[in-house]
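**Q** If you read the sequence shown in numbering that gives the first Met the number 0, its first letter stands for residue 0, the second for the next number, and so on.
Handing you a structure now.
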Amino acid sequence: MTANPPSTRRAGDVPDDAQRRFDDLLAHLPAGVVMHDAAGRVVAANRQALALLGRTECEAQEAPGGDDAWHFVRADGSRMPPSEYPVNAVLRTGAKVSDFVVGVSRPAHGDVRWAICNAYPERDEHGAIHCVVVCFTDCTALKDAEQSLHKSEERMRLALQGSTDAPWDWDLVTGELYYSARYWEMLGYVPGEMRADPEAWVRLTHPEDRAWVAAFLEDLLAGPRQAYSIEFRLLHRDGHYVPVLSRGFILRDGAGKALRLSGTNTDLTERKQVEHRIHELAYFDQLTGLPNRRFLIDELGQILARNGRAGRHGALLFLDLDNFKLLNDTMGHDVGDLLLREVARRLRRALREGDHLARLGGDEFVIVLENLGASPDEATVEVHAVGRKILDVLGEPFDLAGRQCASSPSIGVTLFDGAPTSIDALLRQADLAMYRAKEEGRNTLRFFDPGMQAAVDRRAALSAALRTGLARRQFVLYFQPQFGHDGSLVGAEALVRWQRGVDELVAPGEFIGAAESGGLIAALGMDVLEQGCHALARWARAPHLATLKLAVNISVHQLRDPDFPHAVATLLAATGAPADRLTLELTESVFARNPDDLVDRMQQLRRLGVHFALDDFGTGYSSLAYLARFPLAALKIDRSFVQDVDHDPNASSIVEAIIALARKLHLATIAEGVELDAQHAFLAAHGCDVMQGYLLGRPVAMDEFERRYGRAQAQAASGSST
Numbered sequence: 000m001t002a003n004p005p006s007t008r009r010a011g012d013v014p015d016d017a018q019r020r021f022d023d024l025l026a027h028l029p030a031g032v033v034m035h036d037a038a039g040r041v042v043a044a045n046r047q048a049l050a051l052l053g054r055t056e057c058e059a060q061e062a063p064g065g066d067d068a069w070h071f072v073r074a075d076g077s078r079m080p081p082s083e084y085p086v087n088a089v090l091r092t093g094a095k096v097s098d099f100v101v102g103v104s105r106p107a108h109g110d111v112r113w114a115i116c117n118a119y120p121e122r123d124e125h126g127a128i129h130c131v132v133v134c135f136t137d138c139t140a141l142k143d144a145e146q147s148l149h150k151s152e153e154r155m156r157l158a159l160q161g162s163t164d165a166p167w168d169w170d171l172v173t174g175e176l177y178y179s180a181r182y183w184e185m186l187g188y189v190p191g192e193m194r195a196d197p198e199a200w201v202r203l204t205h206p207e208d209r210a211w212v213a214a215f216l217e218d219l220l221a222g223p224r225q226a227y228s229i230e231f232r233l234l235h236r237d238g239h240y241v242p243v244l245s246r247g248f249i250l251r252d253g254a255g256k257a258l259r260l261s262g263t264n265t266d267l268t269e270r271k272q273v274e275h276r277i278h279e280l281a282y283f284d285q286l287t288g289l290p291n292r293r294f295l296i297d298e299l300g301q302i303l304a305r306n307g308r309a310g311r312h313g314a315l316l317f318l319d320l321d322n323f324k325l326l327n328d329t330m331g332h333d334v335g336d337l338l339l340r341e342v343a344r345r346l347r348r349a350l351r352e353g354d355h356l357a358r359l360g361g362d363e364f365v366i367v368l369e370n371l372g373a374s375p376d377e378a379t380v381e382v383h384a385v386g387r388k389i390l391d392v393l394g395e396p397f398d399l400a401g402r403q404c405a406s407s408p409s410i411g412v413t414l415f416d417g418a419p420t421s422i423d424a425l426l427r428q429a430d431l432a433m434y435r436a437k438e439e440g441r442n443t444l445r446f447f448d449p450g451m452q453a454a455v456d457r458r459a460a461l462s463a464a465l466r467t468g469l470a471r472r473q474f475v476l477y478f479q480p481q482f483g484h485d486g487s488l489v490g491a492e493a494l495v496r497w498q499r500g501v502d503e504l505v506a507p508g509e510f511i512g513a514a515e516s517g518g519l520i521a522a523l524g525m526d527v528l529e530q531g532c533h534a535l536a537r538w539a540r541a542p543h544l545a546t547l548k549l550a551v552n553i554s555v556h557q558l559r560d561p562d563f564p565h566a567v568a569t570l571l572a573a574t575g576a577p578a579d580r581l582t583l584e585l586t587e588s589v590f591a592r593n594p595d596d597l598v599d600r601m602q603q604l605r606r607l608g609v610h611f612a613l614d615d616f617g618t619g620y621s622s623l624a625y626l627a628r629f630p631l632a633a634l635k636i637d638r639s640f641v642q643d644v645d646h647d648p649n650a651s652s653i654v655e656a657i658i659a660l661a662r663k664l665h666l667a668t669i670a671e672g673v674e675l676d677a678q679h680a681f682l683a684a685h686g687c688d689v690m691q692g693y694l695l696g697r698p699v700a701m702d703e704f705e706r707r708y709g710r711a712q713a714q715a716a717s718g719s720s721t
């Protein structure tokens, strides 16, 4: 059958006008119609069929019926063999084909069209098939929708398989509730093992969550919301509770009534574990498991508020282990860590249930005691009892990796009540009291008193004033003359004074300690050294002072600085001071650490010409081997020996031994603190090379020293020339 069917007619055929109307109907029919002969060849096709096949009428009629050139496709997308073509199936079986879905590949158009086919045979008067009519309807849009839906379902299935989410669905109209297999697996059940009724999730919900979750659901369904998210706990088959995040969507009718509730449950166990771990890292000490400083500060705020409301006193105890650094250095950090863990364990055992214990870091622990009494006296008694218990339990020997070790704590205490106070202030106060405990013998407990804070405030103010004084060049040098055993002036020692005001001159004993604790001693030392080098440069240009040497004290911090030799070399070059006239005085404490590094720095300075003298010799604990190892030029005999040489046989013997030792080592000797003629006579008689003290000359300001001794040297020179 074609768009314009043949005009040949057999007897009994319909009249021509009826045939024309029928042909016209086929031409405009929205379905495709194709007529095949008994060999399967196309003999006619209407316009809709040719459009769907993507061929002209001639192309369709020339294609063999059994040829695979039609490129038909099965419903699953695979290539269809010619034996399955609808027309061939009818010719082979003689039976009609109904609702057969076939894809028509159209290479010229680059696409595939889909059709629902129905094919039936037409037989002649002998019952033989003389043609086959195939009718088909284009269902490409329907097929595309089906494939899209299939892909969406496949994506959803894969997403759910790869997800930890457990889908569920609740039809609120019928009451039907669907729980996915993943839902039950999350709770340790085999699907179908438990009755899947609407009350199942209620039975499994944690008793503490059940009431508020039910209230939440009731408000949710009654309200206008279309989505929700909520966390609660469901019972696992093995007895523990699984934290879940339930998220869902509410389907409502036009009036807003909830018809359906669908969603997923997500197992939050791993997330909760991570959150717990993060919380532990943020708020707990990893070595001992105790709360850390951050946790303590958060807790202290609540504790202070509670005690204030209750009108009760509490206490903060700051505990530091005595000699912990020595144990760490001698036995290793592993043993130190074992000690800290054992201390934490014993402290937990010693404290009451409601007491708070934290580790601030290192060997520092803080204990907070609540509800100690309505008055400070009651609280003090309670603290003493707790403190005594702590001292006892920490005083017992520790077995650390098979080694017996002893340790003890120093404890500082500050009390608090409902009065407003800052947490930092409490910690500082307890810290100050702890240092007082260390100063007073260690292994003890001391309470904070305002005098401690006042002393700290004074030191802080002094440190700030020192910094300002350095910036304003308020530190000036005084020189104390040094004389040889024949009475001739051979040099001077530089002594620093602080000119805080016009009439205020501060002695070094009042500020050197603050400079050391405030980290300013190195800067102060360089300031003194710079002024001394300028003086030496002036003396080098003054004939009567040119031979004098100048001794300048340097601190441990300066000599331990790797850049110190370079700084001195730069200073000598900048000022023009003669290096061989500069003597740097240092104490035996310098040699306590890293002696090899110190020897190297001293040798660098010796190569410049600088000399070294060991100050306060005889009062320290250094080995005498240092005298041979370090490049020293002189020993200074401490004033504590000099002042007793005229009446104490022990002191005189020590001084004699020092002078003899120095002579053997080719070192000069310098005696300080010479105040009496008998002392001077003894030292001169025993061969002391240089002496200084009030008997010979008091310290004077730099310009006064240069005037006085420059003039005296000039007079002595002129007298000797006459």
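From the three backbone atoms N, C-alpha and C, an ideal C-beta is built for every residue, glycine too.
Drop a sphere of 10 angstroms on the beta-carbon of residue 263, count the other beta-carbons inside from all chains shown, and report buried for 16 or more, exposed for fewer.
**A** The residue is buried, with at least 16 neighbouring Cβ atoms inside 10 Å.
**Q** Measure the C-alpha to C-alpha separation of residue 311 and residue 380 and round it to an integer number of angstroms.
**A** Near 14 Å, if we compare the C-alpha coordinates of residue 380 and residue 311.
**Q** Reducing DSSP to helix, strand and coil, say where residue 442 ends up.
**A** In the structure shown, residue 442 sits in coil (DSSP, three-state: anything other than H, G, I, E or B).
**Q** Taking the alpha-carbon positions, what's the residue 498 to residue 600 distance?
**A** Going by the C-alpha atoms only, they are around 33 Å apart.
**Q** For residue 118, name the three-state secondary structure that DSSP assigns.
**A** Three-state result, residue 118: strand.
**Q** Bridge partners for residue 408 per DSSP, in chain order?
**A** Residue 408 pairs with 320.
**Q** For the alpha helix (DSSP H) that contains residue 57, what are its first and last residues?
**A** That run of the alpha helix (DSSP H) goes 56-61.
**Q** Between which two residues does the beta strand (DSSP E) carrying residue 388 extend?
**A** Element bounds for residue 388: not the beta strand (DSSP E) but the alpha helix (DSSP H), 375-394.
**Q** Can you give the Cα-Cα distance for residue 706 and residue 608, rounded to whole angstroms?
**A** So the two alpha carbons sit approximately 27 Å from each other.
**Q** Below 8 Å CB to CB, which residues in the same chain sit around residue 709 once its five sequence neighbours on both sides are set aside?
**A** Cβ neighbours of residue 709 beyond the five flanking positions: 541, 543 and 544.
**Q** Please report the straight-line C-alpha distance between residue 521 and residue 585, rounded to a whole angstrom.
**A** Computed Cα separation, rounded: 13 Å.
**Q** Here's the rule I'm using: 16 or more other beta-carbon atoms within 10 Å means buried, otherwise exposed. How should residue 376 be labelled?
**A** It counts as exposed.
**Q** How far does the beta strand (DSSP E) with residue 480 in it reach, from first residue to last?
**A** Where residue 480 is concerned, the enclosing beta strand (DSSP E) stretches over 474-483.
**Q** On a Cα-Cα basis, can you pick out the residue from 265, 113, 301 and 44 that is closest to residue 144?
**A** Answer by Cα proximity: 113.
**Q** Would you kindly work out how many angstroms separate the C-alpha atoms of residue 84 and residue 146, rounded to a whole number?
**A** If I take the Cα positions, the gap works out to 22 Å.
**Q** Do the CB positions of residue 351 and residue 325 come within less than 9 Å of each other?
**A** No, they are not a contact pair.
**Q** Going by DSSP in three states, residue 498 sits in which element: helix, strand or coil?
**A** It is a strand residue.
**Q** Specify the secondary structure class of residue 197 as computed by DSSP and reduced to three states.
**A** Residue 197 falls in the coil class under three-state DSSP.
**Q** Given residue 340, which residues of its chain have a CB within under 6 Å of its CB, disregarding the five upstream and five downstream residues?
**A** Answer for residue 340: 287, listed in chain order.
**Q** Does the Cβ-Cβ distance between residue 692 and residue 644 come in under 9 Å?
**A** No.
**Q** For residue 509, which of 106, 434 and 462 has the nearest alpha-carbon?
**A** Ranking the options by Cα distance to residue 509, first place goes to 462.
**Q** Residue 183 lies in the alpha helix (DSSP H); which residues open and close that run?
**A** 180-185 is the span of the alpha helix (DSSP H), which, as asked, contains residue 183.
**Q** When the Cα atoms are used, what is the spatial distance from residue 477 to residue 551?
**A** Roughly 11 Å between the two C-alpha positions.
**Q** Consult DSSP for residue 801 and reduce its assignment to one of helix, strand or coil.
**A** Residue 801 cannot be examined here, being either before or after the span of the chain that is shown, 0 to 721.
**Q** Short check: CB of residue 613 to CB of residue 633, under 9 Å?
**A** Yes. Within cutoff.
**Q** I'd like to know if the stretch 386-396 and the stretch 346-362 are in contact, where contact means that at least 3 CB-CB pairs between them fall below 8 Å.
**A** Because the criterion of three Cβ pairs below 8 Å is met, the stretch 386-396 and the stretch 346-362 touch.
**Q** With DSSP as the reference, label residue 531 as helix, strand or coil.
**A** In this structure, residue 531 counts as helix in the three-state DSSP scheme.
**Q** Quick one: using the 10 Å Cβ neighbour count with 16 as the cut-off for buried, is residue 90 buried or exposed?
**A** The residue is buried, with at least 16 neighbouring Cβ atoms inside 10 Å.
**Q** Would you list the one or two residues that DSSP bridges to residue 138?
**A** Paired residues: none, contrary to the question.
**Q** Please classify residue 408 as buried or exposed, where buried requires at least 16 neighbouring CB atoms within 10 angstroms.
**A** It is buried - the Cβ of residue 408 has at least 16 other Cβ atoms within 10 Å.
**Q** Report buried or exposed for residue 472, applying the criterion of at least 16 other Cβ atoms within 10 angstroms of its Cβ.
**A** Counting Cβ neighbours within 10 Å, residue 472 comes out exposed, since fewer than 16 surround it.
**Q** For residue 721, which three-state DSSP category applies?
**A** Any reading at residue 721 must be qualified, since the residue scores a pLDDT of 47, below 50, and its modelled position is unreliable; the value itself is stated next. Note: residue 721 maps to coil in three-state DSSP.
**Q** What's the C-alpha gap between residue 250 and residue 135?
**A** Spanning the two alpha carbons is a distance of roughly 40 Å.
**Q** Bridge partners for residue 697 per DSSP, in chain order?
**A** DSSP output for residue 697 lists no bridge partner at all.
**Q** Leaving out five residues on either side along the sequence, give the residues of the same chain with a beta carbon under 8 Å from the beta carbon of residue 333.
**A** For residue 333, where only same-chain residues beyond five positions count, the Cβ hits under 8 Å are 400.
**Q** Report the residue from 75, 49 and 40 whose alpha carbon sits nearest the alpha carbon of residue 28.
**A** It is 49.
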